[in-house]
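Residue numbers (the numbering used here): 1 to 332. Where a beta carbon is used, it is the ideal one built from N, C-alpha and C, also for glycine. Predicted model, so just to flag it, every value in this text is computed and none were measured. To start, the structure under review is shown below, and the notes come after it.
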């Protein structure tokens with residue numbers, strides 16, 4: 001770590017929510033220039049236990065108390081999907097910068113309002129699509145940009161596993177914006193949008209619904225203006241290989257566990273080059289450090305995951321859901 005970073009005061013994080021992903025995020029702040037400073041929960045007991053577990057100075061029994069703490073610089077929102085809009089507005093209206101778990105919003109109008117408020121308040125807002133910040137993803141982008149597989153022609157990505165079917169859980173409950181698309185399908189979709197190299201031209205989909213009415217499985221066929229085709233699958237019904245392959249005119253790139261993995265493989269003329277990320281973290285530290293850099297530079301958007309990218313992504317997911325009459329009870 002540079003002398004400059006040692007001299008720079010740490011960015012103080014407020015953690016909104018105490019679930020599993022919040023625990024991983026806080027653990028991954030350890031090697032960064034930020035610190036987990038305060039946690040907020042609707043339960044004082046849960047907040048206190050979380051703060052004790054992670055040696056955090058402050059714990060609050062309400063989200064409102066968390067966002068009004070003047071010592072908190074930025075808030076990480078890890079609540080269920082259905083709470084992202086409300087909690088982001090709460091933070092922004094309190095003058096706090098925000099890193100919001102994906103999907104940033106449940107539908108496009110929410111995302112537009114969130115972005116508009118961040119712009120009005122001159123505050124940082126980013127959707128936590130941590131995949132974009134991983135060394136494996138960035139290496140894949142470099143290989144493509146350097147022409148190592150020639151021109152990209154096709155993309156195939158899949159993410160699927162069979163969780164226990166619990167109608168009231170966040171994965172299947174419409175009131176919590178459940179469904180495979182928003183939870184895991186967002187990863188294949190955003191990978192294709194980022195790596196195709198051209199704007200989206202056409203989007204078609206097929207959906208199998210769960211008994212609750214949310215999508216159990218979704219298959220998306222996408223066509224881009226440069227002719228790139230993409231086949232993208234997400235499912236809560238099957239245990240898939242869970243990989244992405246980017247095909248080109250001169251080779252292909254294979255990304256096992258593409259949304260979180262530590263390896264990516266370039267295959268060109270039968271020769272395989274492997275890039276390995278030897279991190280000892282879950283991988284959330286990379287997006288956290290990117291947020292720190294943006295805040296120290298006074299930026300309101302990340303150059304890697306900007307507002308335009310978030311709006312395009314949620315508009316695509318709206319299109320897929322609405323084509324199959326999948327609407328959430330709170331959605332107008």
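Determine the DSSP secondary structure at residue i, reduced to helix, strand or coil.
i: residue 318; result: helix
i: residue 5; result: The pLDDT assigned to residue 5 is 44, lower than 50, so where the model puts this residue is not dependable, and the model offers no usable value.
i: residue 114; result: helix
i: residue 102; result: coil
i: residue 38; result: strand
i: residue 135; result: helix
i: residue 10; result: coil
i: residue 241; result: coil
i: residue 144; result: helix
i: residue 63; result: helix
i: residue 313; result: helix
i: residue 328; result: coil
Is the CB-CB distance between residue i and residue j below 8 Å?
i: residue 194; j: residue 132; result: yes
i: residue 82; j: residue 176; result: yes
i: residue 180; j: residue 203; result: no
i: residue 160; j: residue 260; result: no
i: residue 326; j: residue 246; result: no
i: residue 149; j: residue 220; result: no
i: residue 224; j: residue 201; result: yes
i: residue 38; j: residue 66; result: yes
i: residue 115; j: residue 311; result: yes
i: residue 92; j: residue 117; result: yes
i: residue 164; j: residue 192; result: no
i: residue 345; j: residue 266; result: Summary: the structure shown does not reach residue 345, with the chain confined to residues 1 through 332, and so no result is reported for it.
i: residue 157; j: residue 244; result: yes
i: residue 40; j: residue 62; result: yes
i: residue 264; j: residue 140; result: yes
i: residue 386; j: residue 15; result: Past the edges of the chain, shown from 1 to 332, lies residue 386, and the structure says nothing about it.
i: residue 29; j: residue 288; result: yes
i: residue 136; j: residue 32; result: no
i: residue 313; j: residue 189; result: yes
i: residue 185; j: residue 226; result: no
Measuring alpha carbon to alpha carbon, tell me which of the options ends up nearest residue i.
i: residue 290; options: 74, 65 and 22; result: 74
i: residue 270; options: 252, 302 and 19; result: 252
i: residue 333; options: 205, 116, 145 and 167; result: Limits of the chain in this structure are 1 at one end and 332 at the other, which puts residue 333 out of reach.
i: residue 166; options: 109, 224, 214 and 60; result: 214
i: residue 242; options: 249, 229, 257 and 232; result: 257
i: residue 285; options: 99, 323 and 196; result: 99
i: residue 9; options: 306, 299 and 293; result: 293
i: residue 182; options: 235, 155, 90 and 142; result: 235
i: residue 187; options: 168, 233 and 216; result: 233
i: residue 305; options: 104, 29 and 155; result: 104
i: residue 69; options: 12, 26, 51 and 49; result: 12
i: residue 255; options: 185, 155, 309 and 281; result: 155
i: residue 324; options: 300, 226 and 210; result: 210
i: residue 72; options: 34, 49, 101 and 55; result: 34
i: residue 56; options: 76, 26 and 64; result: 26
Hey, is residue i close to the ligand HEM, as in C-beta under 7 Å from one of its heavy atoms?
i: residue 17; result: The model depicted lacks the ligand HEM and carries no ligand whatsoever.
Following the continuous alpha helix (DSSP H) through residue i, name the residue where it begins and the one where it ends.
i: residue 21; result: 20-28
i: residue 292; result: 284-296
i: residue 47; result: 44-53
Could you please give the first and the last residue of the uninterrupted beta strand (DSSP E) stretch that includes residue i?
i: residue 152; result: 152-160
i: residue 165; result: From DSSP, residue 165 is part of no beta strand (DSSP E); its letter is neither H nor E.
i: residue 251; result: 251-256
i: residue 263; result: 263-268
i: residue 276; result: 271-276
i: residue 127; result: 125-128
Return the chain-ordered ranges of every alpha helix (DSSP H) run that is complete within the stretch 70-99 and spans a minimum of 4 residues.
-> Counting only runs of 4+ residues, the alpha helix (DSSP H) found wholly inside the stretch 70-99 occupies 84-93, in chain order.
Which whole runs of the alpha helix (DSSP H) in the stretch 168-233 are 4 residues long or more, in chain order?
-> Runs found: 186-195.
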